[in-house]
Every structure is written in structure tokens, then in C-alpha cells.
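Take a look at the structure below.
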Amino acid sequence: MGGPQGPADELDAARSGIATLARPLVELRDVRKSFGDNVVLTGINLEIERGAALVIAGPSGSGKSTLLRCINGLEPIDSGEIRFEGRPIDYSGKALASLRTEIVMVFQQFNLFPHMTVLDNIVLGPVKAKGVPREEADRRARALLERVGIPEKTDDYPADLSGGQQQRVAIARALAMEPKLMLFDEPTSALDPEMIREVLDVMRDLAREGMTMVVVTHEMGFAREVCDRIVFIDNGEIVEQGPPDEFFRAAQSPRAREFVDKIIHH
Amino acid sequence: MAELWEVLSEHLPEFSSGLWVTIRLVAFSFVIAMVVGTLVAALRVAPLGPLNWIGGVFVETFRNTPLLVLLFVSFAGLRRAGVPIDPWVAGTASLGLYTAAYVAEALRSGVFAVGRGQIEASLSLGLDYPRTLRYVVLPQAFRTVIPHLGSLTIAMIKNSAIIGVSLLALPDLLHQARLVNSRTFATNESFFWAAAGYLLLTGLATLAVRRLEARYAIRR
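Residue numbers (the working numbering), protein chains in the order written: chain A, 53 to 318; chain B, 617 to 836.
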């Protein structure tokens with residue numbers, strides 16, 4: 053075996069390359085997760101296509117954040133399978149670290165490193181995890197700060213920034229990894245109302261530029277305007293999913309309708 | 617009062633050479649304490665049982681043994697076992713490792729003060745656990761426990777006095793003060809100047825800690 057097959061081999065390689073591109077970026081099959089006796093995810097099936105912007109919505113404690121954290125391996129799953137680019141997630145330390153250079157996360161509490169300047173926060177991942185030369189990383193970090201609208205904050209410390217600015221730095225830090233997928237875990241929930249807009253604007257631009265993103269949020273205005281699909285979760289299962297206008301206008305399940313009614317009339 | 621200055625001026629060579637020995641003892645021990653303490657703290661917080669265990673054994677061994685016993689075992693014990701150990705090595709290793717156990721515990725508490733979110737943010741940027749520890753957790757832990765490390769350093773400076781009067785007999789400040797006392801019988805004056813020398817060193821350490829705190833404090 054393994055003899056020179058020539059064109060046939062190349063064709064196979066090309067076919068499998070195309071097959072990979074044609075597959076969803078992420079596939080979840082019957083994913084289950086419990087914390088002790090508390091069952092959080094009860095068999096999640098979900099596909100995330102390249103370039104899609106998904107919003108995960110649902111009541112508090114429904115498992116939204118856990119689902120997100122399972123996708124980048126912050127939480128190991130109990131059973132089922134998560135595939136990224138067709139390959140099942142490998143939970144060994146080294147493989148996880150390399151997976152996370154492609155799937156980045158933006159957190160509710162920003163989680164900037166308080167002992168580093170804004171610039172050092174942004175270049176840490178590229179330099180230490182991906183081996184990008186420091187100069188190049190610096191240059192790209194400055195460009196990213198320009199893009200999120202705070203180029204003047206390069207040498208400040210996180211404590212000197214407002215919440216909205218901190219979250220924009222966190223988004224720049226995630227973008228600096230040049231990720232294939234961005235996960236947002238309630239990115240505006242810790243912000244004062246007047247700062248929510250500036251963060252959502254940055255996220256909307258990202259979605260329009262074709263970044264694949266999954267956003268757990270209660271900002272239904274953002275969902276309606278920006279996302280391709282809303283995934284509604286309750287009690288650890290996906291109750292319903294669909295385009296936002298359909299979801300808001302005519303949700304099929306009673307639980308989703310109840311949720312829509314509450315957020316529209318609150 | 618006149619006698620106080622007389623003892624100092626007549627025995628300045630002994631006091632100053634003693635002070636210099638103490639400074640070197642403390643400096644070497646400090647380096648050992650910080651390096652070993654950091655490594656042991658890293659072992660104790662590593663997500664691997666056997667490493668935690670090794671770190672735990674180190675801390676309990678050196679924290680629960682009196683310094684004088686450590687000095688005795690590391691010097692006389694090893695010599696009796698046929699290891700021709702130098703008193704400087706035995707002295708700095710004992711004081712350094714003894715202090716390292718406390719440094720490791722201080723750092724460990726600093727590590728626990730670093731939020732879970734910090735670790736998750738670092739892991740989510742593709743840094744593996746050792747890099748997360750090195751670039752995110754330990755730098756913050758160090759900054760948090762600078763005051764505590766300062767106290768440990770001051771305690772170490774004072775603990776170093778045991779070495780000169782133990783069977784290692786290194787000619788440090790307290791050792792020299794005892795010599796001056798036995799020659800002059802000016803007990804109060806001899807030990808006054810020893811105390812003044814230690815106060816000088818601990819005072820300098822206090823100032824250094826204050827500057828470090830001011831420079832590296834984390835604003836959250």
C-alpha cells in the first residue's frame with residue numbers, strides 16, 4: 053500500500069479539503085454536561101457554519117454559558133461529541149491550548165490582566181502562544197486598538213479604562229489571535245447602559261466582516277439586527293432555533309413565546 | 617555613653633567584618649528562598665497530584681523543623697556522614713530553604729487571590745498551564761504578597777543571627793559581638809552595636825519593600 057497513486061491521491065486530498073470547507077465549522081452531537089447532580093446540558097445538537105453569527109438566548113441558568121465554555125474546552129463534556137473543522141476536540145493539554153488559539157472567548161467581566169498595559173494584554177497570546185515576533189504583534193495590536201476606537205490607550209493599565217473601553221480591549225485581545233471562531237459570554241452584562249452601544253457596535257462590525265461568532269446575550273436588539281440565527285435554550289436543551297425575525301414574530305414553542313413576550317414587554 | 621562609642625571605635629574592624637558576613641549570608645539565603653519558594657509554590661498549585669505532594673512534603677519538612685536543628689543536621693550531620701560540607705553552604709542552604717517554605721506558602725495564598733477569570737482568560741488565549749502560571753498568575757501573586765514577603769525577609773535577617781552563634785561559627789555580626797564582649801566584658805555596648813547593625817539591615821529591607829509596593833501595586 054501507499055504506492056505512488058499520483059493524480060488519484062491529489063484528487064482525494066482536494067476532495068477532503070473541500071469536504072472540510074463544506075462542513076460546519078463546529079458540530080455538537082448529543083452533548084451532555086452535569087455539575088454533580090445538576091444536569092446543565094441535556095443532549096445539545098448544534099451546527100455553526102463558517103461566517104455565521106449566532107445568538108444564544110434563554111432564561112438565566114438555562115445552560116447558555118456552559119454551552120459556550122464547552123465549545124472552547126473550558127468545561128469538558130460528559131458525553132457526546134464536539135467537532136471543530138471536522139475533528140473531535142482533543143482534551144489533552146497541548147491540543148486544547150492549540151485549539152484555543154483558533155477559538156477565542158470574550159468574557160462578561162472582561163478579565164483583562166491588571167498587571168499589564170493594554171498593549172501587553174493584547175500581544176501576550178500572539179507572542180507566547182503562537183510565537184509571533186514581538187514587533188509584528190505590537191504593530192498589529194496598535195492597528196486593532198485603532199479598529200476598536202481607542203488607539204490612545206495603548207500604554208494605560210486596565211484600571212484606567214472605563215468598562216466599555218476594557219471590553220473593547222478584550223475584543224482586540226481576542227482578535228489579535230486571528231481566530232476562526234469568537235465566543236462572547238454576555239459581553240455587555242457588566243456594563244453601564246451608556247457603554248453597551250460602543251461594545252455592540254464593534255461586535256456588529258465584526259459580524260458584518262464575516263467573523264464566525266457565537267454570542268450569549270440578553271441584548272435582543274443586537275440579536276434582531278445582527279445575528280443570522282437565534283438559538284433558544286431552556287433547561288439545558290435547544291428548544292427552538294431560527295432567523296431572528298421569525299423567532300421574534302412567530303416563535304413556535306410556548307417556552308420561546310413566553311420568553312419573547314417577557315423581553316419585549318419588560 | 618562615652619563607653620558606647622569607645623567600644624565601637626576600638627572594635628570597628630570586628631563589627632564591620634561581622635556586618636559584611638551577615639549581609640552576604642542574608643543575600644545568598646534570600647536568593648535561595650525566593651527561587652526555591654517560587655518553584656515549590658508552582659508545584660503546590662500545579663494541577664497534578666504528585667507535584668502537589670512533593671511541594672507539600674518540602675513545605676512541611678522545612679517549616680516544621682527548628683532552624684537550629686536544620687543547621688545542626690546540615691552541618692554536623694552531613695560531616696558525620698562523611699560529607700565535608702562547608703559551613704557557608706550549610707548555613708545559607710538551611711536559612712534559604714527554611715525561609716523558602718514560608719515564601720512558598722505566601723505565594724500560594726497570592727495565587728489563590730488571583731481570580732478564576734484571569735486563569736480562564738489566559739487559557740482562552742491558547743497559553744498552556746505553565747505559561748499561564750508564569751505570565752498571568754505568578755506575577756499577580758507576587759505583587760499581592762510583596763508586604764508578606766517583606767516580613768519574611770526581615771524575619772530571615774534576624775534568623776540569620778542563629779548561624780553565627782551555632783556550631784557553624786560563621787563570623788557574622790552576632791558572632792563578632794560575642795567575641796568583643798568576651799574580650800572587653802562590655803556586654804551592653806557589644807550587643808547594642810549588634811542590634812544596631814541588624815536594625816540597619818531590616819530598616820533597609822523595609823524601605824526596599826515600600827518602594828517595591830509603590831511600584832508594583834496592582835490597581836483593580
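All C-beta atoms, glycine included, are put in the ideal place defined by N, C-alpha and C. Computed from a predicted model, the values in this text were never measured in an experiment.
Against residue i, what residues of chain A qualify as contacts under a CB-to-CB distance less than 7 Å, listed in chain order?
i	result
valine 752/B	Phe165
arginine 826/B	Result: empty, since nearest Cβ-Cβ is about 19 Å, beyond 7 Å.
arginine 759/B	His167
Residue i touches chain B at which residues, Cβ-Cβ below 8 Å?
i	result
alanine 149/A	Leu739, Gly742, Leu743, Asp744
lysine 85/A	Result: empty, since nearest Cβ-Cβ is about 16 Å, beyond 8 Å.
asparagine 124/A	Ser740
threonine 153/A	Leu741, Gly742
What is the rounded straight-line gap between the Cα of residue i and the Cα of residue j?
i	j	result
phenylalanine 807/B	threonine 800/B	12 Å
tryptophan 636/B	arginine 724/B	33 Å
glycine 125/A	aspartate 286/A	22 Å
glutamate 250/A	arginine 220/A	8 Å
asparagine 90/A	glycine 712/B	48 Å
arginine 732/B	alanine 181/A	20 Å
glycine 294/A	methionine 157/A	24 Å
valine 83/A	methionine 234/A	20 Å
alanine 302/A	proline 166/A	45 Å
threonine 240/A	leucine 252/A	8 Å
valine 675/B	valine 656/B	8 Å
phenylalanine 758/B	asparagine 173/A	18 Å
valine 752/B	isoleucine 735/B	7 Å
serine 632/B	valine 673/B	39 Å
glutamate 829/B	glycine 698/B	46 Å
glutamate 133/A	serine 214/A	39 Å
alanine 193/A	alanine 692/B	59 Å
isoleucine 779/B	alanine 785/B	7 Å
serine 738/B	glycine 113/A	25 Å
histidine 791/B	tyrosine 714/B	21 Å
glycine 54/A	isoleucine 141/A	Any answer about glycine 54/A is weak, because its pLDDT of 44 lies below 50 and its placement is not dependable; what the coordinates show is given next. Going by the C-alpha atoms only, they are around 28 Å apart.
serine 740/B	proline 682/B	44 Å
proline 40/A	threonine 94/A	Nothing in the structure corresponds to residue 40/A, since chain A is present only between 53 and 318.
glycine 216/A	isoleucine 108/A	22 Å
Enumerate in chain order the residues of its own chain whose CB-to-CB distance from residue i is below 7 Å, with the five nearest sequence positions on each side excluded.
i	result
serine 86/A	Val92, Asp130
serine 782/B	Leu684, Leu687
leucine 98/A	Leu80, Val283, Ile290
Could you check if residue i belongs to the surroundings of the ligand FMN, using beta carbon to heavy atom distance under 7 Å?
i	result
phenylalanine 691/B	Because no ligand of any kind appears in the structure shown, any question about the ligand FMN cannot be addressed here.
Can you tell me whether residue i is buried or exposed, with buried defined as 16 or more other CB within 10 angstroms of its CB?
i	result
proline 210/A	buried
tryptophan 809/B	buried
lysine 205/A	buried
serine 710/B	buried
glutamate 619/B	exposed
glycine 813/B	buried
leucine 243/A	buried
threonine 803/B	exposed
glutamine 304/A	exposed
leucine 664/B	exposed
aspartate 788/B	buried
glutamate 630/B	buried
threonine 677/B	exposed
arginine 831/B	exposed
arginine 225/A	buried
proline 321/A	Residue 321/A is absent from the structure shown; chain A starts at 53 and stops at 318.
isoleucine 316/A	exposed
glycine 288/A	buried
valine 647/B	exposed
Run through chain B and tell me which residues come within less than 9 Å of residue i, C-beta to C-beta.
i	result
valine 156/A	Ser740, Leu741, Gly742
glycine 177/A	Ser738, Ser740, Leu741, Gly742, Leu743
With a threshold of 6 Å on Cβ separation, who are the neighbours of residue i within its own chain once the five nearest residues in sequence on each side are excluded?
i	result
glycine 653/B	Ala716, Val719, Ala720
aspartate 237/A	Ser117, Leu120, Phe159, Gln160, Val268
leucine 659/B	Leu667, Ile670, Gly671
valine 825/B	Gly766
valine 796/B	His627, Glu630, Ser806
glutamine 756/B	Val730
Check the Cβ of residue i against every Cβ in chain B and list those closer than 7 Å, keeping chain order.
i	result
alanine 195/A	Here the premise fails: no neighbours, minimum Cβ distance about 18 Å.
tyrosine 209/A	Arg835
glycine 145/A	Asp744, Tyr745
lysine 180/A	Leu743, Arg747, Tyr751
methionine 229/A	Leu741, Gly742
Since residue i meets chain A, which of its residues come closer than 8 Å, beta carbon to beta carbon?
i	result
glycine 733/B	Phe159, Gln161, Asn163
Who are the near neighbours of residue i in its chain, counting only those whose CB is closer than 8 Å to its CB and skipping five residues on each side?
i	result
arginine 827/B	none
leucine 694/B	Ile701, Ala706
isoleucine 639/B	Leu817
Output, in chain order, the set of chain A residues within a Cβ distance shorter than 9 Å of residue i.
i	result
proline 755/B	Phe165, His167, Met168
Can you confirm whether the segment 247-258 of chain A touches the segment 266-278 of chain A when touching is taken to mean that 3 or more C-beta pairs between the two stretches lie within less than 8 Å?
With the rule of 3 Cβ pairs closer than 8 Å, the segment 266-278 of chain A counts as touching the segment 247-258 of chain A.
Cβ pair count under 8 Å reaching 3, the segment 810-820 of chain B against the segment 766-779 of chain B:
Short answer: they touch.
Three Cβ pairs or more, each shorter than 8 Å: is that satisfied between the segment 736-744 of chain B and the segment 179-194 of chain A?
Touching, yes.
Are the segment 168-178 of chain A and the segment 188-195 of chain A touching by the rule of at least three beta carbon pairs closer than 8 Å?
A contact between stretches requires three or more CB pairs, one per stretch, nearer than 8 Å, and the segment 168-178 of chain A meets this requirement with the segment 188-195 of chain A.
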